[in-house]
Amino acid sequence: MDVTVVMLLFFGLLSTLINSTAIDTIRAHQTLRDGESITSSGGEFELGFFSPGSSTNRYLGIWYKKISNGTVVWVANRNTPIRNTSSVVRVDDKGITLQTVSEIIWSSNTSISMKNPVAQLLDSGNLVLRDEDDDINNFIWQSFDYPGDNLLPGMKFGLDLVAGLDRYFISWKSIDDPSTGNFINRLDPNGFPQSFLSKGSVKLYRFGPWNGRQFSGALNGNLNGIYTEDFVISEKEIYYKFDLIKKTSAVIRYTLTSNGEIKLLVWNNENQTWNVYATVMVSGCGRYKSCGANGICNINGSPRCECLREFVPKFQAKWAEDWSSGCVRREKLNCRSNATFMKYSSVKLPDTQHSWYDMKMNFEECGRLCLQNCSCTAYANTDIRRGGSGCILWFNDLSDMTGYIEDGQDIYVKMPASRLVDSHRSRGKRHRLMFLIPLVLVLVALALIFLYVSRKRGQKEKDNLKVSSETVALKKIDSEDWELPIVDFKTIVNATDNFSKDNKLGEGGFGPVYKGILKDGQEIAVKRLANNSCQGLNEFINEVSFIAKLQHRNLVALVGCCTEKDERILIYEYMANKSLDSFIFDEETRHSMDWPKRCNIINGIARGLLYLHQDSKLRIIHRDLKAGNILLDHEMNPKISDFGMARCFNGSQTEANTSRIVGTYGYMSPEYAIDGQFSVKSDVYSFGVLLIEIVTGKKNRLFSHPDHSLNLLGHVWKSYNDDRLLGVIDEVMLESSNLRQVFRIIHIGLLCVQEDPMDRPIMSEVVLMLSSNMELVHPNKPGFFMERRLQVTDHLSSIPDFSSCNQFTITSILPRQ
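The sequence shown lines up with residues -22 to -1, 1 to 795 when you count with mature numbering (1 follows the signal peptide of the UniProt record, and there is no 0).
Below, the structure written as structure tokens:
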């Protein structure tokens, strides 16, 4: 047979083998053509040619083979696309080359000559080049040293100082174009190493320095401990790496998207999708230096930025609108005067680009060194494990700090000792003033009330046999509430266009609610007690007395009230974004409720409820906490409203009984709905229902499922026990959600709705659970978890002395659509 024919048959057979079997290697003088591919030995990854999205350009890349076929994790020629299908991959003694007939498109660019070169695709997704005669782990070149937009387990992110390698990540330009995009995630070795997410040359986000467990201030996203993390700082290398624990079958990766988000993705084999487990989104406190020098961004605060203690805004006049100018010291540090340190806890450490560090120095030595150095402004540990070790010193302004965060750490800021002494003295004076001022106000208020009542007695009115609601209300309300504006009826009539139907926002148990605009342009919501209302004077007094006394950013603010002409009118701040139920239960608006917004709402409600139960001077039980009573301001911040049904506890009282059950079915705890017993734990039950409704986007009592007759609580409880929680999450927020956080929220919700109130946490414990990684106990069966609407209504109807209000809900203050 002709030699030429034999050779053609040989290469034809070779091509067929490459295409049809799991060949993971290309040896010298073999080629890989467009249309052919090689697969790693375990079948995890595939190397070949592809066209991204709708593009017709051809690229050499690596993608997942077993799962998510087509998810590309590395591209060789990302900036030099091929316009046709005539290219081939060759391996020779100089390395790997991608070429067409006329030119080399891409090369591994190796300078080491090899006798028996082999290009092999490993099951880690790493394409390696080695000499087949050498050790199997002696790589001449590897794709892991030249990442694209993905970080896979086993990859190093950082610097090889010996080889001169800088392993960083650059986003794709778009889903159709893998060329280098605008966003870069890169390790900065200056000072104590940290990494930045940048858009071009502009830094957008800073990952705080590694603290022994994770990056300072970053979310601890380790999926139930299924992988290990390492951060190495040595004379030869500085890098971060994560590796899967061998026993796990999970598939995870970090990716930098074309719009600048860094996401930790986990493959859901059941749904065949990539789920977002954690994400870095550049907004709010995440934005680099958002509060300027010596400012700290409070993720729970409003406004977000504040100066460090004993610092003041550099430009006070602009501080309310522009925080970028930062803060300056009240008194400059002076080497000749004594200095001390102020401790800040739970913070993301400030920018370390100009810091100094020593990994072996102990904490006491670190503090002394900073104290002795006139230029040192702050110090902290490099490693927070085992009580702390190592030392970082800052020598300039402290910038890009985030405060009061989960998994934050301690920093000690230097300041003149005299400032702390003055601060302590001023606080002592403030304490004395805080005692004296209320006493004076009470005496003045009592005098005013006496004069007011005396004047009233001298007046003759047509309705002199009827005590006005205004007089009763003012007698019921403590004197410190006298500053609540009493708005005359004519002003309200003008503001609401005489209670025009066009201005009507809604109607409920109390009566109609109208939108109004005062003469100064302030928008208000006016709630007017109806003649046929199931609520009366007691509920009105409740609302006025409680809300006027309670001041918290997550409680609706009462602007004023009116009792003129026997009217009972309450005036609130206007909430531009309606109530929570109008978002999470509406098929159209729920699409705008991504996970960050829902998470912010959950935390806000929790803080407001904690204030009611524990931190205010009164212990308030709301008794009607539900999605319709959570109002949303123009920034989607939640505010608890409707205190007409609330009850106040005194001293150490924690529970009470009533024969008049008020509230809303589906949110009422079993002990309250059946026995009339209410406590802080009954509010916790309502909060737990709210958590589960926010995460699922479903109403508890109107929920239905084809496989069972359980209500929403029962369905979630069943899914929790079956380890199928992913199926209960509102699908519209999956893309933006942190699954680890979402699963934790559901777990906390189930703890709140346990049948026995003794098992439920109190709100201080709930807030701690929401803001930390503390271990959660296994929940017991929820109360009413098999509740169906008709069954519960029939059951509760047998309870005597039920309030008629119980068949309705109190309308939230809603803007006109």
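Backbone N, C-alpha and C define an ideal beta-carbon position, used for all residues, glycine too.
Flag this pair as yes or no: are the beta carbons of residue i and residue j separated by less than 9 Å?
i: Tyr37; j: Val53; result: yes
i: Asp2; j: Pro131; result: no
i: Leu587; j: Met741; result: yes
i: Arg722; j: Leu754; result: yes
i: Lys696; j: Gln732; result: no
i: Ile464; j: Ala503; result: no
i: Phe289; j: Tyr390; result: no
i: Gly262; j: Ser377; result: no
i: Asn689; j: Phe762; result: yes
i: Gly238; j: Val260; result: yes
i: Gly345; j: Tyr357; result: yes
i: Gly381; j: Tyr322; result: yes
i: Gly195; j: Phe209; result: no
i: Ser324; j: Lys267; result: no
i: residue 845; j: Gln192; result: Residue coverage of the chain in this structure runs from -22 to 795, which leaves residue 845 outside it and unanswerable.
i: Ser660; j: Leu533; result: no
i: Trp84; j: Thr58; result: yes
i: His693; j: Val706; result: yes
In this structure, does DSSP put residue i in helix, strand or coil?
i: Leu610; result: strand
i: Tyr266; result: coil
i: residue 851; result: Here the chain comprises residues numbered -22 to 795, so residue 851 is not present and cannot be evaluated.
i: Gly345; result: helix
i: Ile83; result: strand
i: Lys438; result: Confidence in Lys438 is poor, its pLDDT being 43 and thus under 50, which makes the residue's placement unreliable; the coordinate value appears in the next sentence. DSSP places Lys438 in coil when its eight states are reduced to three.
i: Gln331; result: coil
i: Ala97; result: strand
i: Leu182; result: strand
i: His569; result: helix
i: Gly499; result: coil
i: Trp695; result: helix
i: Arg364; result: helix
i: Gly21; result: coil
i: Thr642; result: coil
i: Lys444; result: Because the pLDDT of Lys444 is 37, which lies under 50, any placement of that residue in the model is unreliable, and the question is left without a value.
i: Ile74; result: strand
i: Glu309; result: coil
i: Pro187; result: coil
i: Lys338; result: coil
i: Asp602; result: coil
i: Phe147; result: strand
i: Pro171; result: coil
i: Gly586; result: helix
i: Met553; result: coil
i: Ser790; result: Legend: pLDDT at Ser790 = 33, less than 50; position of this residue unreliable, value from coordinates given subsequently. Of the three classes helix, strand and coil, the one that applies to Ser790 here is coil, per DSSP.
i: Gly271; result: Gly is not the amino acid found at residue 271; the sequence shown has Ala there. Of the three classes helix, strand and coil, the one that applies to Ala271 here is strand, per DSSP.
i: Leu426; result: helix
i: Glu517; result: helix
i: Ile726; result: helix
i: Ser46; result: coil
i: Leu10; result: strand
i: Phe563; result: coil
Please name the residue or residues paired with residue i in a DSSP beta bridge.
i: Trp372; result: Ala356
i: Met736; result: Answer is none; Met736 lacks a bridge partner.
i: Ile547; result: Arg506, Cys540
i: Gly26; result: Ser15, Gly39
i: Tyr390; result: Lys321, Tyr357
i: Lys219; result: Asp208
i: Leu107; result: Ala97, Trp119
Would the beta-carbon of residue i be found less than 8 Å away from any heavy atom of the ligand SAM?
i: Thr17; result: Among the components of this structure there are no ligands whatsoever, and the ligand SAM is therefore not found.
Answer with yes or no whether the minimum CB distance from residue i to chain C is below 9 Å.
i: Gly727; result: The chain inventory of the structure shown lacks chain C, comprising one protein chain alone.
*asked:* Restricting to runs no shorter than 3 residues, where is the beta strand (DSSP E) found entirely within the stretch 234 to 264?
replied: Segments of the beta strand (DSSP E) lying fully in the stretch 234 to 264: 240 to 246, 251 to 258.
_Given 8 Å, three or more beta-carbon pairs between the stretch 554 to 572 and the stretch 606 to 618_ = Taking 8 Å as the limit for Cβ pairs, the verdict is that the stretch 606 to 618 does touch the stretch 554 to 572.
*the stretch 360 to 367 contacting the stretch 275 to 285, beta-carbon criterion three pairs below 8 Å*: no
_Stretch pair the stretch 176 to 183 + the stretch 146 to 166: three plus CB contacts closer than 8 Å_ = yes
*alpha helix (DSSP H) runs wholly inside the stretch 458 to 495, at least 4 long, in chain order*: Counting only unbroken stretches of 4 or more residues, the alpha helix (DSSP H) elements lying wholly within the stretch 458 to 495 are 467 to 473, in sequence order.
*Determine contact between the stretch 337 to 354 and the stretch 137 to 156, defined as no fewer than three beta-carbon pairs at a distance below 8 Å.*
Verdict: no, contact absent.
*Would you call the stretch 578 to 592 and the stretch 663 to 681 in contact, with 3 or more CB pairs under 8 Å?*
yes
*Would you say the stretch 526 to 543 touches the stretch 590 to 605, given that touching needs at least three Cβ pairs under 8 Å?*
yes
*Kindly confirm or deny that the stretch 42 to 51 and the stretch 66 to 84 touch, where touching means at least three C-beta pairs closer than 8 Å.*
Three or more Cβ pairs closer than 8 Å define a contact, and the stretch 42 to 51 falls short of that threshold against the stretch 66 to 84.
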